[in-house]
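The sequence shown begins at 1 in UniProt numbering and counts up by one. C-beta atoms are modelled at their ideal positions from N, C-alpha and C, and glycine is treated no differently. If you're wondering where the values come from, they're calculated on a predicted model, not measured in any experiment.
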Amino acid sequence: VHGLLVFRRTDNMIPFLTFDAGHSHLVPLLSRRNDTESPNETYCYSSARGTTVLQGVTFGGVPTVLLLDVICFLLLLLIFVFIRRRFWDYGRIALVSERYYEVTESTSVLEEPQPEEGFCSWMVSAFRMHDDEIYEQCGHDAITYLSFQRHLICLLIVVSMLSLCIILPANLSGDLLDKDPYSFGRTTIANLRIGNDLLWLHTIFAVIYLILTALFMKHHVGSIRYKKESIVKRTLFITGLPQNASVTTIENHFKEAYPTCIVQEVQLCYDVAKLTYLSDERKKAEKNMAYYTQAFEHTGKRYRINTKPCGQFFFCNIRGCEREDAIDYYTGVAQKCMEEYLKEEKLIYDKPLGMAFVTFQRITMASIVLKDYNACKCQGFKCKGEPQPSSYSKDLQISKWNIKYATYPQDICWDNLSIQGRSWWGRWLFINLLLFVGLFFLTTPSIIISTMDKFYVTKPIEYLNNPVISQFFPTVLLWSFTALLPTIVYYSTVFESHWSK
Numbered sequence: 001v002h003g004l005l006v007f008r009r010t011d012n013m014i015p016f017l018t019f020d021a022g023h024s025h026l027v028p029l030l031s032r033r034n035d036t037e038s039p040n041e042t043y044c045y046s047s048a049r050g051t052t053v054l055q056g057v058t059f060g061g062v063p064t065v066l067l068l069d070v071i072c073f074l075l076l077l078l079i080f081v082f083i084r085r086r087f088w089d090y091g092r093i094a095l096v097s098e099r100y101y102e103v104t105e106s107t108s109v110l111e112e113p114q115p116e117e118g119f120c121s122w123m124v125s126a127f128r129m130h131d132d133e134i135y136e137q138c139g140h141d142a143i144t145y146l147s148f149q150r151h152l153i154c155l156l157i158v159v160s161m162l163s164l165c166i167i168l169p170a171n172l173s174g175d176l177l178d179k180d181p182y183s184f185g186r187t188t189i190a191n192l193r194i195g196n197d198l199l200w201l202h203t204i205f206a207v208i209y210l211i212l213t214a215l216f217m218k219h220h221v222g223s224i225r226y227k228k229e230s231i232v233k234r235t236l237f238i239t240g241l242p243q244n245a246s247v248t249t250i251e252n253h254f255k256e257a258y259p260t261c262i263v264q265e266v267q268l269c270y271d272v273a274k275l276t277y278l279s280d281e282r283k284k285a286e287k288n289m290a291y292y293t294q295a296f297e298h299t300g301k302r303y304r305i306n307t308k309p310c311g312q313f314f315f316c317n318i319r320g321c322e323r324e325d326a327i328d329y330y331t332g333v334a335q336k337c338m339e340e341y342l343k344e345e346k347l348i349y350d351k352p353l354g355m356a357f358v359t360f361q362r363i364t365m366a367s368i369v370l371k372d373y374n375a376c377k378c379q380g381f382k383c384k385g386e387p388q389p390s391s392y393s394k395d396l397q398i399s400k401w402n403i404k405y406a407t408y409p410q411d412i413c414w415d416n417l418s419i420q421g422r423s424w425w426g427r428w429l430f431i432n433l434l435l436f437v438g439l440f441f442l443t444t445p446s447i448i449i450s451t452m453d454k455f456y457v458t459k460p461i462e463y464l465n466n467p468v469i470s471q472f473f474p475t476v477l478l479w480s481f482t483a484l485l486p487t488i489v490y491y492s493t494v495f496e497s498h499w500s501k
């Protein structure tokens, strides 16, 4: 989409600043109200000199690029279907093995997922599955995500239909640009003259699109349903506790300060980052050991592996990178992790974090305590909370407490609870600063293409005048950056070490 910034300089001369896929440049344009000028002088949709994209082909190469995008989509879909059919058993085994570790006493028979019959039967199953089935297999987060995607699809359909049926014909009705198949600008607002009433159509529809987006998102939020009775509503998350706080002291404090609020359970938080890491490493080693043991039972051959970092890329035995027996190696790793795990488990109670989860008998009891701690009384220029005191208030330093409703246990990042205070805020500021610089300056289409042209990256293909090369390459490049953005944002969120998902 080309944006046009108009500056009136003289009575009959208006320079336009155009932002396109190439260089930003000034193109002098005689007043749109003057119909006697030559086509070359009034053609404002010219491309920058030296730019190798979006020029010289019919209709800007859009039909060709669209066809190539569809072909690539079909190829990727076929590759995905092949991988799914070829390696489906590996995913099934991994899923079932995980579920075997989580079998409860009430589960007597474990149902294994059955493979779909047919090459693309999974596509039909994806559309036929009800939300209840998805909820049972994937949980509430999957339902929320799919609902968001459905609302986005419906919004894009409405916006596309309105744009194609109303905005596009309005732009094509203009006569400012030549009716040249090489001119893609005929489909944009640049084809409308100054003073044309159809220009207001773009402003009106921009407001309509904004309202539609707000309505669709409001409907999406309203469609999310939460369980009324949940342990989260009965549990409060308390931070700011002293390191030597005990469960008994906290329980006695609430008994004295809030006699009507019955505490059901108090759980103190400890630094379990190393403990979780050792547990994960042990599980990985046990899975690898089970895999090579099963392979040995089927083939009668004991596999040898290179255990050094990136050892899978070395196919020859060199000094210092000798291969080891896979079963023996992973057995030793699992035993070592288990020994370190047991040692760390004994030391875990010496690493309190000053946090606690307090569960009350009823939701109303938790809300009473929360409201009392969140109530502020302004005194001069300071607002100081005055919670109910007890004989343990001084030892527990209740004036430093921060209380809020607890998050679902499965949504808490227990490893990150030890990262708090200045270290957390410093990490957050540094990562978001890098993210802002990267997303703002390095992923803008005009900056990318202009930089490529400056370094003559696309210069060798400038004279080919082939849409497959001159248009499809920048399209794939920009599409790659677009596909990479969610991954960058996801990992930046992970590195920020939030306490909850």
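| Asked | Found |
| --- | --- |
| Member of K394, K400, G354 whose CA lies at the smallest distance from the CA of N374 | K400 |
| Selection from K371, E256, K274, I363 that minimises the alpha carbon distance to C337 | K274 |
| Minimum C-alpha distance to K394 - residue among G185, L241, W499, H219 | L241 |
| Candidates I166, I488, L155, Q420, of which the one nearest M355 by Cα | Q420 |
| Nearest-angstrom Cα separation, counted from S391 out to A366 | 21 Å |
| Close-in-space but distant-in-sequence residues of the same chain around T213 (CB under 8 Å, 5 per side omitted) | L155 |
| Residue 510 - DSSP class collapsed to helix/strand/coil | This structure cannot settle anything about residue 510, because the visible part of the chain is limited to 1 through 501. |
| Range covered by the alpha helix (DSSP H) that runs through N402 | Run containing N402: none in the alpha helix (DSSP H); it sits in the beta strand (DSSP E), 402-405. |
| CA-to-CA distance, L172 to S492, given in whole angstroms | 44 Å |
| Range of the contiguous beta strand (DSSP E) that encloses C165 | Premise fails: C165 is in no beta strand (DSSP E) and is neither H nor E. |
| Whole-number beta carbon distance between V232 and W414, since they are thought to touch under 8 Å | Not a contact, Cβ separation roughly 16 Å. |
| Rounded C-alpha distance that separates I134 from K218 | 23 Å |
| Spatial neighbours of E496 in its chain, beta-carbon cut-off 6 Å, leaving aside the 5 residues before and after | W428, I431 |
| Y330 burial status per 10 Å Cβ neighbour count (16 or more: buried) | buried |
| Environment of T51 [buried if 16+ CB atoms lie within 10 Å] | Reliability fails at T51, whose pLDDT of 47 lies under 50, so the model's placement of it is uncertain and no value is given. |
| S183, buried or exposed, once every other Cβ within 10 Å from all chains shown has been counted against 16 | buried |
| Cβ contact (3+ pairs, closer than 8 Å) linking the segment 404-411 and the segment 254-267 | no |
| Simplified DSSP assignment, three categories, for D175 | coil |
| 8 Å contact criterion, which L177 and A190 should meet: CB distance rounded | 7 Å |
| C138: first and last residue of the uninterrupted beta strand (DSSP E) it sits in | No beta strand (DSSP E) contains C138, which is instead part of the alpha helix (DSSP H) from 131-138. |
| Residue from A142, I194, L68, T239 with nearest C-alpha to V358 | T239 |
| Proximity winner among K308, A257, V333, relative to M289 (alpha-carbon distances) | V333 |
| Residue range of the alpha helix (DSSP H) that includes Q335 | 326-347 |
| Start-to-end residues for the alpha helix (DSSP H) that takes in A206 | 199-223 |
| Exposure of Y100, with buried meaning 16 or more beta-carbon neighbours within 10 Å | Here the model assigns Y100 a pLDDT of 43, short of 50, so the residue's position is not dependable, and the following value carries that caveat. Per the 10 Å Cβ criterion, exposed. |
| Limits of the alpha helix (DSSP H) - the one that I266 falls within | In the sequence as presented, Ile is not what sits at residue 266; that position holds Val. Run containing V266: none in the alpha helix (DSSP H); it sits in the beta strand (DSSP E), 263-270. |
| Rounded straight-line distance, which links the Cα of W479 to that of V158 | 23 Å |
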